[in-house]
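Scroll down for the structure; my scribbles are underneath it.
Protein chains: 2
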Amino acid sequence: MNVFKTIFPVLLLCLSSSMVFAQDKPNIVLVFMDNFGWGEPGFNGGGIVRGAATPRLDQVASEGLRLTNFNVEVQCTPSRSAIMTGRYAIRSGNGTVPLGEGVYGLVQWEVTMAEMLSEEGYATGMFGKWHLGRTAGRFPTDQGFDEWYGVPNSTDESVYSSLQGFDASGLSETFVMDGKKGSVPKKVRPYRLDYRPLIDRDLTDRAISFMKRQTKAEKPFFVYLPYTATHFPTMPHPDFKEKSGKGPWGDLLMQIDSYIGELLDTIDALGIAENTIFIFTADNGPEALSPGETSLTVETAIHGSAGPWRSTLFTGYEGALRVPFAIRWLGKIEAGRVSDEIVHAMDLFPTFAKIAGGKVPADRVIDGIDTSDFLLGQDEKSGREGFIVYMGNDIFGVKWRDWKLHFKEQTGWNGVLREYTMPRAYNLINDPQERDNVLFPHTWVPKAALPQLNEHVASLKKYPPIPTGTSDPYKPPY
Amino acid sequence: MNVFKTIFPVLLLCLSSSMVFAQDKPNIVLVFMDNFGWGEPGFNGGGIVRGAATPRLDQVASEGLRLTNFNVEVQCTPSRSAIMTGRYAIRSGNGTVPLGEGVYGLVQWEVTMAEMLSEEGYATGMFGKWHLGRTAGRFPTDQGFDEWYGVPNSTDESVYSSLQGFDASGLSETFVMDGKKGSVPKKVRPYRLDYRPLIDRDLTDRAISFMKRQTKAEKPFFVYLPYTATHFPTMPHPDFKEKSGKGPWGDLLMQIDSYIGELLDTIDALGIAENTIFIFTADNGPEALSPGETSLTVETAIHGSAGPWRSTLFTGYEGALRVPFAIRWLGKIEAGRVSDEIVHAMDLFPTFAKIAGGKVPADRVIDGIDTSDFLLGQDEKSGREGFIVYMGNDIFGVKWRDWKLHFKEQTGWNGVLREYTMPRAYNLINDPQERDNVLFPHTWVPKAALPQLNEHVASLKKYPPIPTGTSDPYKPPY
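Residue numbers (our numbering), protein chains in the order written: chain A, 1228 to 1705; chain B, 1228 to 1705.
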């Protein structure tokens, strides 16, 4: 049984762009939080127990669709690679976050959702963290974004210059950058602790300004807003510092909620709420700083919350994979709907393509599937029954319906990865903590779950992944 | 600083009963689930991810007040003792569930919330599991309930007759019982697996019948409804079996939600919604059956979900202490309010007393506090800043505001209890999993949290607890 839908080499099913008029193309705002666990927003049982209520986030869910089983890859770079391309990060050579220096990220051959939407006449703006390349030719403005303000790498680098023993000699520094398509982005300022608490304020302002400009120009727009605030170091903006009375994480929740409120209010004020898809989600599960690591952070060590799910980012457990997801499209998506259907971040590319009348590339494997009928309520099923669970470049397991097969186990995000002599089976409804292997008597689960893995592995063999660190230009060997 | 409020020996602050007219006394319906974790209902982020949506439970929350920090004692008998008496279970000799045979439960000297409400003219009905005594003089009808239908002990006993190796000789059997105040309850039938799936249906029917009768008689009523379904063995009623498509736990969630819906619909149909306080809560955190223990259960081994909180019932962790809590009182309690203020099950007695114009006993220590102003929205604070965390008769720790001090640790509900050489401090906002001891630099926390413990220990010395298994009549030595 072929339970795993790979779009390649299926013919393009999407509407041709000529069938969709510009005014029919909805705007898309994609908020992509950093290391923000399933259990954080009020709409998933968080909010007040995490330090602050989140009424505006909850509003996105109550006015739209909340997915309780929206999945991502489990590290920053892989997750961003997958959402941008609709492909497993392994295919793009982005299976892990880059730790050393040198070239990484998306080769120019890759087609991003920004490029696809740009082709369809969208104005495309990105405000925030890229983490898919830090060198010329690898910036967001090289991958379909008309404009970008933000950081190429990750936020931990903002701490470097404040660390005891840090030696900058020979190391590149992360800068806040400002870029336009067609030229190399300019370095605005070093990304250091003085600017760390302030950056998300600027990202919000720029996103709002962008939406206003495009609305005035009557151009459909795509805003990709990968906020930085919830990645360590935890440093709320001065407007919110010590405002929650529950510590810096509560302050941050207030800040996030307030910024989301500003975005929603802008969309309402511009009169475009019924023509704007608003998505709130995240790149992977929460951080967990182990005891003794608090000295690495500037303020209080924060444990994020994955809600009921096991573990944190950088693992193959549900706490890493499931992230908050709410989508609002007034008048199009039923308000207050909740679904536990499996959807993956990779599915957004083909889904946006369908909605915007765009083209999914036909010359490569696209792992994402079009879930537009599901999101719009024309189908109760998402069409996705599972996916491969990667932890870095390792296949950790397979998710299939309410089941997980684990081939490996981890002692934590920074711990040991060990291989099982026999796969273990977990039922996520009965056992959200993935603690009780019930392979016996459920030996039918591997029979049902493994075909997708076999198909995936065969596909990797037929269409070899791009080696990590490949320089441009890249040409596929197939 | 005296942060821990003990009402004794304070003078009675409650309204005298003459000030409250019968028609002003609101009905009270107290649904008390068995081993039902914080993470189960949709209103706490559960529902669909646990196997079934819970729209009627969610309705109680959305039409009323949801408490995210409502606490109980961590085992069945202690929790039931505390909620009934407004006193720590240790005071009543009910610190642990009884494992052997013999006398246990509430001595007749104890005053229950049913007795208090009965004094105020309430009709009092209990339908469900008592677990506070199985011998003559120890039944609910000996403690203030006009009528009772249910089981004196716990639901694990329903499995006994089906177990390999079970020897009934010399052991008493649990019967389903039917009783009226003033006579010894009658044994209706043995509590075995044939009746196990059916009992909660009967409890619901009897509760509904009781509410109808009392409404017709224009009598204020108190319904105590300690359902049994969510205690192992997990056996949904035939009406719901295999209806969720997500296994027996999902079926049970559907069942519970449906029964709650019937209760709400009855209250609405009787036209008493604005004069009826409806509470949904539970006795302690979820079960966790360890691997290898599945043979003890009849159907699939179920792990309950405590949501983001650590561990299960029978521990001192938040997963044991925090349970779902929603209270609806239309027109009196603000709809949709959510609070993380600490409230304890012991507080319900004085709170009900205040609301019903009843008397809190003045000749003993009452640990609960009146939270009526808080529930009714006249005070943002509950008035409770903490409580002592018992695990059985052991003091496991102290909860104070967002902090816990642990004196001990546990390897799980059936594991090992070990004492720390120095207390450990946990911040529940930053660290809901209680994993990172941050005593340093937070050595101020013991200073703030320990006075309540010192006061409690002094109080236990001054007013010695009733020894476990004490026979009636009991007279306090003070």
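A virtual CB, placed ideally from N, CA and C, is assigned to each residue, including glycine.
Quick caveat: nothing in here was measured; it's all calculated off a predicted structure.
Under the criterion of beta carbons closer than 8 Å, A/Pro-1453 and A/Asp-1261 qualify as touching, at roughly 7 Å. For the pair B/Ala-1316 and B/Glu-1300, the CB atoms are nearer than the 7 Å cut-off. Annotated three-state conformation of B/Ser-1566 is strand, per DSSP.
For A/Asp-1606, the closest Cβ of chain B is not nearer than 7 Å. Three or more beta-carbon pairs separated by less than 8 Å link the stretch 1338-1353 of chain B to the stretch 1370-1377 of chain B, which places the two stretches in contact. B/Glu-1661 is positioned such that its CB atom lies closer than 7 Å to that of B/Arg-1537. In this structure the stretch 1588-1600 of chain A does not lie against the stretch 1539-1546 of chain A, because fewer than three pairs of beta carbons, one per stretch, are closer than 8 Å. The beta-bridge partner set that DSSP reports for A/Lys-1631 consists of A/Lys-1626, A/Tyr-1653.
Shortest Cα-Cα distance from B/Glu-1568 to any of B/Asp-1606, B/Ile-1560, B/Glu-1342, B/Ile-1593 involves B/Asp-1606. Neighbours of A/Trp-1640 in chain B, taken as residues whose beta carbon is under 9 Å from its own, are absent, since the nearest beta carbon is some 13 Å off. Interface criterion met: the Cβ of B/Ser-1532 is under 7 Å from a Cβ in chain A.
Taking 4 residues as the minimum length, the alpha helix (DSSP H) runs contained wholly in the stretch 1276-1347 of chain B are 1282-1289, 1303-1312, 1340-1346, in order along the chain. Approximately 26 Å separates the beta-carbon atoms of B/Asp-1621 and B/Ile-1656; this is outside 8 Å, ruling out the contact. For B/Glu-1489, the enclosing alpha helix (DSSP H) stretches over residues 1475-1496.
Those residues of the stretch 1450-1480 of chain B placed with their C-beta closer than 8 Å to a C-beta in chain A are Lys-1473, Gly-1474, Trp-1476, Gly-1477, ordered along the chain. Counted as a single uninterrupted DSSP element, the alpha helix (DSSP H) harbouring B/Phe-1601 occupies residues 1599-1602.
Listed along chain A are Ala-1515, His-1530, Ser-1532, each with a C-beta nearer than 9 Å to that of B/Gln-1660.
For A/Ile-1506, the uninterrupted beta strand (DSSP E) run begins and ends at 1503-1509, by DSSP.
A straight line joining the alpha-carbon of A/Pro-1694 with that of A/Val-1330 spans about 11 Å. Using beta-carbon distances, B/Asp-1567 counts as an interface residue toward chain A, with a partner under 7 Å.
In this structure, the CA atom of B/Ala-1583 is about 36 Å from the CA atom of A/Asn-1271. The Cβ of B/Asn-1657 sits closer than 7 Å to at least one Cβ of chain A. In summary, A/Gln-1391 is exposed, with fewer than 16 beta-carbon neighbours lying within 10 Å of its beta-carbon over all protein chains present. Non-local beta-carbon contacts of B/Lys-1252 in its own chain, meaning distances under 6 Å to residues more than five positions away in sequence, involve Pro-1447, Ala-1583 in chain order. For a Cβ distance threshold of 9 Å, residue set Gly-1272, Gly-1534, Pro-1535, Pro-1659 of chain A lies close to B/Gly-1266, ordered along the chain.
At least one CB of chain A lies nearer than 7 Å to the CB of B/Val-1276. Judged by DSSP secondary structure, B/Val-1415 falls within the beta strand (DSSP E) whose first and last residues are 1413-1417. With fewer than 16 neighbouring CB atoms inside 10 Å of its own CB, B/Trp-1671 falls in the exposed class. Runs of alpha helix (DSSP H) with 4 or more residues, each lying fully within the stretch 1423-1480 of chain A, are found at 1426-1443, listed in chain order. Sixteen is the threshold: since fewer than 16 other Cβ atoms of the shown chains lie within 10 Å of the Cβ of A/Ser-1698, the residue is exposed.
The Cβ atoms of B/Leu-1680 and B/Val-1616 lie no closer than 7 Å to each other.
Take the alpha-carbon of A/Ala-1509 and the one of A/Asp-1383: they are about 17 Å apart. Take the alpha-carbon of B/Thr-1461 and the one of A/Val-1258: they are about 41 Å apart. Membership of A/Val-1672 in the alpha helix (DSSP H) is indicated by the continuous run 1671-1689. Excluding residues up to 5 positions away in sequence, Ala-1515 lie with their Cβ nearer than 6 Å to the Cβ of A/His-1530 in the same chain.
Ranked by Cα distance from A/Gly-1604, the options A/Phe-1579, A/Ser-1566, A/Gly-1639, A/Met-1618 are led by A/Ser-1566.
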